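Those letters in the sequence shown? Residues 1 to 787, by full-length UniProt numbering.
Even for Gly, the Cβ is constructed at its ideal location relative to N, Cα and C.
All values derive from a computational prediction rather than experimental measurement.
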Amino acid sequence: METITIAVIGANGVGKSAFIQRALKLPRMPNQGLVAFNWTEFDGSQRAVTVFEVDLEAFDMEMNGPIRWPKQANGQMAPPVDGALVLYDVMNKDSINPLSQTLSSLSVSNYPMVLVATKCDNPEDVRELDTASVAAAYPAVVANFSISANTPNTTRECLQVILRAIVANRRGDKVDPASQRRRAASAANLELLIDVNNNGRPESVHSKHSRASSDLSMLRGFPSNSNDRDSYYRGSSARSPRAPSGFGTDEAMNSTLGQLRQPADPFYVVDESDVDSFHTSTEDVPILQRNEDSFAERPPKTVGVTFDELVDKLLAPRMTRADNNFADIFLCLYRKFAAPGQLFAAILARLERAKEDKSDHYLTKKATQMRIIEVVARWVSLYPGDFARPTTKKTLERFIIHLASEPAFIAAASQMRGQLETSVMEDDDTGWAQADDPPEDTSVTGSPSQSQDLEASLQSLNVDDQMLAEIRRPSQVSELSQAPDYGSGETNYQYHTYEDYEREAARMVPQSNLPLNKLRYQIFMEINPDEIAEEITRIDWVMFSSVRIRDWVRHVSLKESEKERCRSLKNANRLISHFNHVAKWVQNMILIRDKAKHRAPCLEKFMSIAHKLRKLNNYNGLGAVVAGLQNANIARLHATQALVSRDVWKQYQSAETLMLSTKSNGAYRMAWENSRGPRIPYMALHRRDLTATEGMNKTFVGPNGDRINWQKFEILGEILLPIMKSQGAPYPNLNKKHESSRELILDCRMELDDDALYQRSKVVEPTGGVGGATDLKKKTMGFLRGS
């Protein structure tokens, strides 16, 4: 295995040990100032990396020319160095002076180096060093970073950048400092040497509220439930990575979301640490005294998993909550790497295998069959379109017939028959990498080999056992016609299928029938803000619930031409358009009136609506209102802002802060994780997460490209599972409509052109405000971002 050694250089007290601890998420600082780990790139290649500290006092300060490394570091022999992280303390100007000669020598020796400013959580006015000036003085470095105790993600990104630079330097590639930060976001894994006192687990397992942009990928579990759509149960939310792209599918959709500040470049960790790989026979040897052979002796880690391994895990007993999560995300995303017919055939083959296993007791065999049939029933219930192609549909029909002949399987057969008759209509497989044979190329009965395999597999359901013969009653075969239809049962709220929500969402498209004038303004001001927030939430919930989880994946992976052919994406597009519509509506309502004294109450009302949306956990609606208020057309109205009461500003701040993109939208992610009860996610951010994960990770890996990169799907699962759970926990009183609020939101004729709105804003306040506007701007522009 190729090795990389990185020196962390800095004066005494700059925070070298703390840097290593945060970058590698160690439970405590390294005892000897060094640590080793495996670095796995997205293509599966691995490198053994050693990071160790070097104090400036160890260097010859009189050296000229190439760097001369100290022979020992921390009392051990120093290995050959490949690159350096150079740290300085912004609170101590003396920490940078000795670095000049060292940086010069490193540059002469052609070592990749990254300059890192530490302790940047201190205010700039009390710092002794200006990071921009220091960065300008050393242009030879690959990148400059400013880190603090509360930004572990940036610390980790430093390590990724230097690793990429070292690899590029070895290959003879030209290192582009600007691109290194972007490339650090590519999928790579840092496998740590875990301290035994931490129970052999990385720190991210213990940390409850770490952000996914700096966490090791790990699906967290939730309790299991029923087979239908309500089984998208709620629980603790998984974490999401972040991504740079926008929300909409074109410029019109992105125009409003552009008002929300864009996040920084993404950073990912693709898979979880494999702790066992570090338990070698050389474990007791000090790391810096091990030779390269100790790493080479380690067997290479197997990259990816096979399809059969995933199917076995899908059908295995569910012992933990993570097993339930796996089943949900596998059924949702398996069509990225397998066709429905392939999966169905693999499941039936395992049914046959269960029958042929002579070592199992009859009851054990029956339990295995029940477990496998339960998976199929859940699959049919959640994704009936997978069985729409003739061959697969015929296979399912025959499967149900065999199930109906078994007393123990009648309920499952009834459920699947109901789904087959009512929901299995068409398979809109646009964008799926894997699909069954098209109808024109496939016979309804399938190929002879498929039929033979099916018959053999289905026979496994008929256990020819004397015990079964004794308990079977002839009347039970006819019970199928009287069995309840589990696929169409009523729930305790009106909308209980995607189709129900889709029909209602189609009636919520803006009509632009009513003029937006002073009369509408008066009506708006007379309505209670809570009623408006509740109606926004009701509309958002219906539109959010009409979008199938799979469609979000296709929405970020399909090309524009393919999206036009994918009919199911209209629901996602409708939600995006409604988000932008609400943001425009906010701006139009405020700009109706000519005088600031009339606009200020309207601005206050929208701030109160935003606060109520936060209390309702409607983050998508909150994002739309904040996007409207952050738009330059509104944020420049300083005279209007000056009339807003301080209490309303303070109340609005708590809600608006959640939508800020600082620290990878950390405030929102924390609030989303800890929200209880019904909730609507801020889909603009989650869609960006999906875009980055889908675009930066391969589906197939391995030397032959035939193994599935399941780590990619685990990350997708971290994003999608909380959305699944949210759709299964509806708001109460969904039938309670506020007609006046609905009419104002959906039926008013508004100005949608940004240039026209900006001109209107300049007409009502030509100079952007007078009087105390400048002072107020200092207080408020931290909340409203404008021109």
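Chain-order list of residues whose beta-carbon lies under 7 Å from that of residue i (same chain, five-residue window excluded)
i      : result
Ala667 : Thr657, Leu658, Leu660
Ser741 : Ile527, Glu531, Ile532, Glu535
Arg707 : Val303, Gly304, Val305, Thr306, Phe700, Val701
Gln106 : What sits at residue 106 in the sequence shown is Leu, not Gln. So the qualifying residues of the chain are Ile67, Ala84, Met113.
Val51  : Ile6, Val8, Ile20, Leu34, Val35
Asp121 : Ser148, Ala149, Asn150
Spatial neighbours of residue i in its chain, beta-carbon cut-off 6 Å, leaving aside the 5 residues before and after
i      : result
Pro515 : Arg749
Arg614 : Leu622, Ala655
Met683 : Asn620
Residue i versus residue j - alpha carbon distance
i           : j      : result
Thr131      : Pro112 : 20 Å
Val375      : Asn324 : 11 Å
Arg538      : Thr368 : 43 Å
Asp753      : His555 : 26 Å
Leu348      : Gly705 : 26 Å
Asn12       : Ser664 : 31 Å
Gly695      : Ser557 : 8 Å
Arg119      : Ile20  : The sequence shown places Lys at residue 119, not Arg. Looking at the two C-alpha atoms, the distance is approximately 14 Å.
Phe544      : Leu333 : 19 Å
Asn633      : Ile590 : 10 Å
Arg567      : Asn573 : 10 Å
residue 796 : Met607 : One cannot answer for residue 796 here, as it falls past the ends of the chain, which runs 1 to 787.
Ile329      : Glu560 : 25 Å
Asp360      : Met370 : 15 Å
residue 797 : Leu343 : Summary: the structure shown does not reach residue 797, with the chain confined to residues 1 through 787, and so no result is reported for it.
Ala327      : Val134 : 52 Å
Phe579      : Arg170 : 48 Å
Leu603      : Thr767 : 19 Å
Leu315      : Phe409 : 17 Å
Minimum C-alpha distance to residue i - residue among the options
i      : options                        : result
Leu420 : Ile410, Ser381, Ser405, Ser568 : Ser381
Leu331 : Thr364, Met319, Arg378         : Arg378
Thr302 : Arg760, Glu718, Pro703, Ser741 : Pro703
Ile523 : Trp649, Lys605, Val764         : Lys605
Ala671 : Asn617, Thr691, Leu721         : Asn617
Lys93  : Ile592, Glu502, Glu128         : Glu128
Ser761 : Asp594, Tyr334, Ser104, Tyr501 : Asp594
Asn735 : Asp386, Asn674, Tyr501         : Tyr501
Ala143 : Val161, Val126, Asn150         : Val161
Glu751 : Trp710, Pro681, Asn588         : Asn588
Val553 : Glu397, Ile715, Asn38, Arg417  : Ile715
Ala639 : Val648, Lys597, Glu673, Gly677 : Lys597
Ala624 : Ala635, Ser577, Trp649         : Ser577
Pro540 : Leu26, Leu363, Ile680, Met91   : Checking the sequence, you will find Asp at residue 540 rather than Pro. Of the candidates Leu26, Leu363, Ile680, Met91, the one whose C-alpha sits nearest the C-alpha of Asp540 is Ile680.
Thr395 : Arg417, Pro407, Ala408, Ala411 : Arg417
Gly126 : Tyr362, Ser133, Asp747, Met91  : The question names Gly, but residue 126 is Val in the sequence shown. It is Met91 whose Cα lies nearest to the Cα of Val126.
Pro139 : Ser100, Glu53, Leu363, Leu569  : Ser100
Leu159 : Phe59, Val49, Ala136, Arg28    : Val49
Ser414 : Gly15, Ile373, Ser546          : Ile373
Ala692 : Glu673, Lys712, Ser675         : Lys712
Trp585 : Leu351, Ala137, Ile745         : Ile745
Arg688 : Leu720, His402, Val311, Trp710 : Leu720
Per-residue DSSP class, three states only, for residue i
i           : result
Tyr88       : strand
Gly771      : Reliability fails at Gly771, whose pLDDT of 41 lies under 50, so the model's placement of it is uncertain and no value is given.
Ala140      : coil
Phe37       : strand
Thr5        : strand
Thr118      : strand
residue 805 : This structure does not reach residue 805, given that the chain is present from 1 up to 787, and the question cannot be answered.
Gly10       : strand
Gly515      : Sequence inspection shows Pro at residue 515; the Gly mentioned does not correspond to that position. If DSSP states are grouped into helix, strand and coil, Pro515 belongs with the strands.
Leu48       : Inspection of the sequence shows that residue 48 is occupied by Ala rather than by Leu. Ala48 falls in the strand class under three-state DSSP.
Met113      : strand
Cys158      : helix
Cys566      : coil
Val556      : helix
Gly304      : coil
Check: residue i C-beta below 8 Å from any heavy atom of the ligand MN
i      : result
Leu396 : As for the ligand MN, it is missing from this structure, which has no ligand bound.
Neighbourhood of residue i by C-beta distance below 8 Å, restricted to the same chain and skipping five residues each side
i           : result
His611      : Gln651, Tyr652, Ser654, Ala655
Ser104      : none
residue 788 : Nothing in the structure corresponds to residue 788, since the chain is present only between 1 and 787.
For this session: Ignoring anything shorter than 3 residues or poking outside the stretch 616 to 698, list the beta strand (DSSP E) runs there in chain order.
Result: Considered as a whole, the stretch 616 to 698 harbours no complete run of any beta strand (DSSP E) with no fewer than 3 residues.
Problem set entry | Complete runs of the alpha helix (DSSP H) confined to the stretch 709 to 757 [at least 4 residues] | The stretch 709 to 757 contains, as complete alpha helix (DSSP H) runs of 4+ residues, the segments 710 to 727, 739 to 746 (chain order).
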